[in-house]
Amino acid sequence: MNMLKKTVAIALFSILSSASYAKNAYVDQFISFTNGAGVDKSASAQGGFNSAYPVSVNPTIATGAPVTGEWVSLPQDYMATYGFNGQQATGTISIFSIANGANEVASVFGRLNSASAWSLIGTVTEGGGLGLGPQASFLTLTSAISQIMVKSHGSAGASPGFDLMGIQGTGMVAVPVPGPETYALMGLGLIAVFAHRRKAANA
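Numbering (the working numbering), first residue to last: 888 to 1090.
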């Protein structure tokens, strides 16, 4: 293997090996909470807190691990968007809603980043259980995503709308961030390219 190929191979290996892997993670980034017209409604969001409902809540309540008695309600056509900070889910997505919900349905969309188009992952239905604890609905991913949008299709229940408690992803992959050593190797690769071209020109 000549110097150019060896340098490029080392740089690629360094970049790929810089990605770390985790089994699963909850969304840790709140992005938006809007109505069907795309108007921001985060300041007037309703839901449950300390098992009291409906009360005013912050949509960030659905980040992290779900807590019994705490959720944000999405009325008809409302959309809540969350993300994994610096990570991508590649396995499944779990949507947590309250166990004794009123059978509201929501569509779940995903995308790789803010520049990508939304793709439908599937639909989930809440309810069928007892109490105000979290109940999970599982959806399988066909591609990596870092952002998730949940859109409600109903406004039933005492706390009207789909009651979102949390979102978890599996097969998490950290987005690789090149370190100083990677940039140094890339620099060596460029030097090798220029040297190779100069040698070829003088031949």
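Think of the CB as a built atom: it goes at the ideal place given N, C-alpha and C, for glycine as much as any other residue.
Do the CB positions of residue 1005 and residue 985 come within less than 7 Å of each other?
In this structure, residue 985 does not lie closer than 7 Å to residue 1005 by Cβ.
Could you pull the DSSP bridge partners for residue 1045 from this structure?
Note: residue 1045 sits in no beta bridge, so no partner.
Does the beta-carbon of residue 927 have 16 or more other beta-carbons within 10 angstroms, so that it is buried, or is it exposed?
Flag for residue 927 reads exposed.
What would DSSP say about residue 1066, mapped onto helix, strand or coil?
With a pLDDT of only 49 at residue 1066, under 50, the local geometry of the prediction cannot be trusted, and no value is derived from it.
In angstroms with no decimal places, state the Cα-to-Cα distance between residue 1023 and residue 1051.
Going by the C-alpha atoms only, they are around 10 Å apart.
Rank 989, 1048, 1055, 1046 by C-alpha distance to the C-alpha of residue 1016 and give the top, closest one.
It is 989.
Please report the distance separating the alpha-carbon of residue 1039 from that of residue 1057.
Going by the C-alpha atoms only, they are around 23 Å apart.
In three-state DSSP terms, what is residue 931?
It is helical.
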